[in-house]
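Chains as they are written, first to last, in our numbering: chain P, 1 to 378; chain U, 1001 to 1378.
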């Protein structure tokens, strides 16, 4: 069987991007590479819909989020960490590792965080320095209310909004400047269609101002030093040159397709996937599903981990299983990045066969037909 | 002109490695990738000559060094930072950013740090938690006395030896375990012949023990978490998959050549380069030159920056200029990684032409002949 990758990162890398990364090594302090750097920066700003600096780091998205914590916060700072899944939990833990005073707004996995709870936490804690939210919680497939939370934070002069958009940016429109997002983080191996190894972080003027008083230790993740270098198309430390050659190409592909079309495509694929799930007699786990990943709730007669493993071992497909307590109860199909309609049909057909092998009653072709109807607008 | 890269990182990437990185993206939590991970780990251990964990990070070498400071030290810890160039200075600054009490053993750029000064610093500071040394100071091309310093530190139960071997590992033999090096750091884009984006760090039992009391904040660079994952061929955060595919191939190439042969090759290239420098009527800047990079001292009639720029603009060659106050007085030729004898001849010939254009009197072919004689053992 051919290898097929439908996990929420890494995602498939287009051939054009692979080839762009396969050229001879170029030194980073050359006019030729500075041009690549410039194109990456402006391409990212377009995707972020921002005039803010978007800094490029040689790290995963987790490292980029840490750069935000290290650069903009101090030990003892109060942080509201909104979480309803594994990634939201990670940022709360990370803030604690840096000595922050973390107020957790915790919601059951699969549910959307009620905006009233966020408002209550902010009202109860006027001295909050930062609010963390995960736009697309990959562990459950939930889309969180970034727009509503941003409206609550925007006018607070001493509170920064950190958005983990790692599986959201490039999937739907996130107008960073319109929403007033101070710190928006993403990674290379998601909708940006690159291998893992690059993290991206945008920084608002409010955040740069906050950095003046921030006392967390930082060096590799010192964003001021990066800013001062990157505005000159340099970086403080050796950049991941080959990945950035790929980044330029991937950003060009997204521009050629047109960002609104990229977002429409993701919406179309997500809608069809959800239709296919229903067509197979299953249901979507997330209360409000993100267009990046569809988490499927398994009934007691179907083991999610077995679906994941059957696809892996029998069909050479990597989807994602459930995480932590959801290991057996959920499986997840990612469709962010380099995917089209027929990729969705393919994975749905494989899932139909896999669950059939697992003795779960499904009408073969029913999920496929539901996806087809969705694509045809019927 | 073809592009030729002779800078101390990034260095040229062999075609085999480029191709290994150009395959379709693989998910990191698959048996296939776990095998790659295992091969990378054991290959690195062989090159490090260690039984210690060698951890692989998605960062530059600077990030890997920071992982050591974040993981093994606490604010207020006393650190002896030996430095005689830009990279040694960097680690002193980094330790200060983490609140360490830094005792600097500072030597003029280009000179070797006298071992007596290190001994005096250690004798005067019995409570030192760590000693930092740069094996190959790329800014000046000096090889530092790692062996002698390791003998001073080895038997101190509460002092860790951190070695920056970023442009040394894979160039000459550094027997980590024999020397008792606690923390040895390198990066992908040097002798390992890969693009930038991976950092490597070995950790001794003494360092793991020190971690139990270490209080610096850490999350992305929390090496205990990495250890616990990497021993299972996983990583705490998404690894740089494509670079690791390349790493496996590069380690295989080094193994096929034979590590002693790799070290001999570097010694041969370095010796010939130094002979060529003398043949051109110039001299080597470093008191004790490393085999990774040859820094050339410019007489008042030759501007080092002009040599660097002429090679760049006229011959499409990237060597390295001098750094900071050495900008005009030095230029540097790197020969670590994927290089052979004729690459040296090529760059020497280009330098002869460049300095001739700069009106510096050189006998064309004299440097080339000196390198040829060196290679032929004459």
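Ideal Cβ placement from N, Cα and C applies to all residues, glycine included.
Residue i, buried or exposed, once every other Cβ within 10 Å from all chains shown has been counted against 16
i	result
residue 147/P	exposed
residue 1283/U	exposed
residue 267/P	exposed
residue 157/P	exposed
residue 1363/U	exposed
residue 1035/U	exposed
residue 1076/U	exposed
residue 1028/U	buried
residue 1261/U	exposed
residue 275/P	buried
residue 231/P	exposed
residue 1090/U	buried
residue 116/P	exposed
residue 1296/U	buried
Residue(s) in a DSSP beta bridge with residue i
i	result
residue 1053/U	1203/U
residue 1132/U	1081/U, 1162/U
residue 321/P	331/P
residue 157/P	None, per the DSSP bridge assignment.
residue 1006/U	Looking at the DSSP assignment, residue 1006/U forms no beta bridge with any residue, so it has no partner.
residue 104/P	81/P
residue 1185/U	1164/U, 1201/U
residue 1294/U	1333/U
Rounded C-alpha distance that separates residue i from residue j
i	j	result
residue 169/P	residue 1159/U	46 Å
residue 318/P	residue 18/P	20 Å
residue 56/P	residue 1378/U	50 Å
residue 31/P	residue 1121/U	44 Å
residue 220/P	residue 1150/U	27 Å
residue 25/P	residue 79/P	42 Å
residue 1033/U	residue 1192/U	20 Å
residue 1331/U	residue 2/P	50 Å
residue 1239/U	residue 369/P	37 Å
residue 226/P	residue 1375/U	43 Å
residue 212/P	residue 73/P	10 Å
residue 1328/U	residue 1153/U	37 Å
residue 1217/U	residue 65/P	15 Å
residue 1203/U	residue 12/P	34 Å
residue 292/P	residue 21/P	25 Å
residue 1106/U	residue 1118/U	10 Å
residue 1094/U	residue 100/P	22 Å
residue 1320/U	residue 1007/U	5 Å
residue 348/P	residue 367/P	6 Å
residue 67/P	residue 184/P	11 Å
residue 1071/U	residue 1209/U	11 Å
residue 1233/U	residue 1061/U	21 Å
residue 322/P	residue 337/P	21 Å
7 Å Cβ cut-off: residues of chain P touching residue i
i	result
residue 1237/U	60, 62
residue 1253/U	In chain order: nothing, as chain P lies at least about 15 Å away.
residue 1009/U	238
Per-residue contacts from residue i into chain U (C-beta, under 7 Å)
i	result
residue 240/P	1195, 1196, 1197
residue 243/P	1197
residue 94/P	1219
residue 189/P	1238
residue 382/P	This structure does not reach residue 382/P, given that chain P is present from 1 up to 378, and the question cannot be answered.
Interface partners of residue i on chain U, CB under 8 Å
i	result
residue 12/P	1024, 1025
Listed by chain order, chain P residues near residue i by CB distance under 8 Å
i	result
residue 1315/U	Neighbours of residue 1315/U on chain P: none; closest Cβ ~13 Å, over 8 Å.
Contacts of residue i in chain U (Cβ-Cβ under 9 Å)
i	result
residue 43/P	Going along chain U, no residue has its Cβ under 9 Å from residue 43/P, so there is no contact; the nearest lies around 19 Å.
residue 99/P	1217
residue 21/P	1018, 1021, 1022, 1195, 1242
Contact list for residue i against chain B, beta-carbon separation under 8 Å
i	result
residue 1353/U	Here the protein chains are P and U, and chain B is not one of them.
Short-range partners of chain U found in the region 217 to 228 of chain P, where Cβ spacing is below 9 Å:
Correct list: 217, 218, 219, 220, 221, 222.
Of the residues that make up the region 58 to 88 of chain P, which ones have a beta carbon closer than 7 Å to any beta carbon in chain U?
58, 59, 60, 62, 63, 66
Using a Cβ cut-off of 7 Å, which residues of the region 1192 to 1206 of chain U contact any Cβ in chain P, in chain order?
1195, 1196, 1197
Near-chain P residues of the region 1024 to 1040 of chain U (beta-carbon distance less than 9 Å), N- to C-terminal order
1024, 1025, 1026, 1027, 1028, 1029, 1030, 1031, 1032
The region 1331 to 1345 of chain U: which residues have C-beta closer than 7 Å to a C-beta of chain P, in chain order?
none
Name the residues in the region 267 to 282 of chain P whose C-beta lies less than 7 Å from a C-beta of chain U; which are they?
none
Going along the chain, which residues of the region 1167 to 1182 of chain U sit with their C-beta nearer than 7 Å to a C-beta in chain P?
none
Which residues, in order along the region 302 to 328 of chain P, keep a beta-carbon less than 8 Å from a beta-carbon of chain U?
If the cut-off is 8 Å between Cβ atoms, the region 302 to 328 of chain P has 312, 318 near chain U.
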